[in-house]
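Protein chains in written order, with the UniProt record's numbering: chain V, 1 to 179; chain S, 1 to 87.
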């Protein structure tokens, strides 16, 4: 018998919410549901077309390097089914427990992000992704709309990133809320 | 941010995203004398000028890169994937 019962709860369950800084909503910070986050690795020389076709469905793909992707969001089917469909060129692993996603949107979202990362956000297309550092935290940054971004971060750093984003967003007015 | 390294996979990124391993050197034969291995592992030149190093893009694509740069001017001549041209 374990001494302590382990209970599943969202990494950002106790995160600060509300409005911070100046009035107005320059930026909105939202914790996204911890529903699906898989990592896909391709064997060297594999044609990525089957995975890209898979990603065209309800699971957006985030390219994080040569032969490496994150599959995020709500989708149908299990990991085993996806793995069977994509074998043998691709290996999938479930990282849902390991990474947390937050969304950052609003007219000043890009300005806020530019304080922490050197990725040229003007050149990041909608649907594009970049693995980078935000301050000292490794994040997967993706643009989900003209003024909307998504950040995936290691679970243990989620609260630090959350608090840092609020601090950096105070000059624009930032609203933070759970999903 | 100073010292942008043009990663062939990610585009220009600050040097803070990278981890430097050291000079690109030919590996001695497995049965080479111990002095040669000692030199390969521990002894380094510290040149003022052009230098080729292995850099790991640890904060980005996590690929090993060969960065050719000038240690005096900080000019970066070329950055290629370390696996390029290997079987």
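Think of the CB as a built atom: it goes at the ideal place given N, C-alpha and C, for glycine as much as any other residue.
Asked                                                                                                                                                         : Found
For the region 113 to 144 of chain V, list every residue whose C-beta sits within 8 Å of some C-beta in chain S, in sequence order.                           : 118, 119, 120, 123, 130, 131, 132, 133, 138
When you compare only the Cα positions, how much space is there between residue 8 of chain S and residue 115 of chain V?                                      : 24 Å
Let me know the secondary structure DSSP gives residue 50 of chain V once reduced to three states.                                                            : helix
Three or more C-beta pairs under 8 Å: does that hold for the region 18 to 35 of chain S against the region 56 to 68 of chain V?                               : no
What do you get for residue 20 of chain S, buried or exposed, if any count of 16 or more other CB atoms within 10 angstroms of its CB means buried?           : exposed
Which residues, in chain order, does the region 50 to 73 of chain S contribute to contact with chain V at a C-beta distance below 9 Å?                        : 57, 58, 59, 60, 61, 62, 63
Pairing CB atoms from the region 144 to 162 of chain V with CB atoms from the region 83 to 93 of chain V, are three or more of them under 8 Å?                : no
Which ranges would you report for the alpha helix (DSSP H) in the region 89 to 153 of chain V if only whole runs of at least 4 residues count?                : 109 to 114
Please report whether the beta-carbon of residue 16 of chain S lies at a distance below 8 Å from any beta-carbon of chain V.                                  : yes
Given residue 17 of chain S, which residues of its chain have a CB within under 6 Å of its CB, disregarding the five upstream and five downstream residues?   : 59, 60
Could you run through the region 6 to 35 of chain S and flag, in chain order, every residue whose CB is less than 8 Å away from some CB of chain V?           : 9, 10, 11, 12, 13, 14, 16, 17
Using a Cβ-Cβ cut-off of 8 Å, state whether residue 174 of chain V counts as contacting chain S.                                                              : no
Please state whether DSSP places residue 31 of chain S in a helix, a strand or coil.                                                                          : coil
Counting Cβ pairs, one atom from each stretch, are 3 or more of them under 8 Å apart for the region 106 to 113 of chain V and the region 67 to 85 of chain V? : no
Quick check on DSSP: helix, strand or coil for residue 35 of chain V?                                                                                         : coil
How many angstroms separate the CA atom of residue 74 of chain S from the CA atom of residue 12 of chain S?                                                   : 15 Å
Would you list the one or two residues that DSSP bridges to residue 20 of chain V?                                                                            : V:174
Pick helix, strand or coil for residue 44 of chain S, following the three-state DSSP scheme.                                                                  : coil
What residues of chain S sit near residue 64 of chain V, judged by a beta carbon separation below 9 Å?                                                        : 60, 61, 62
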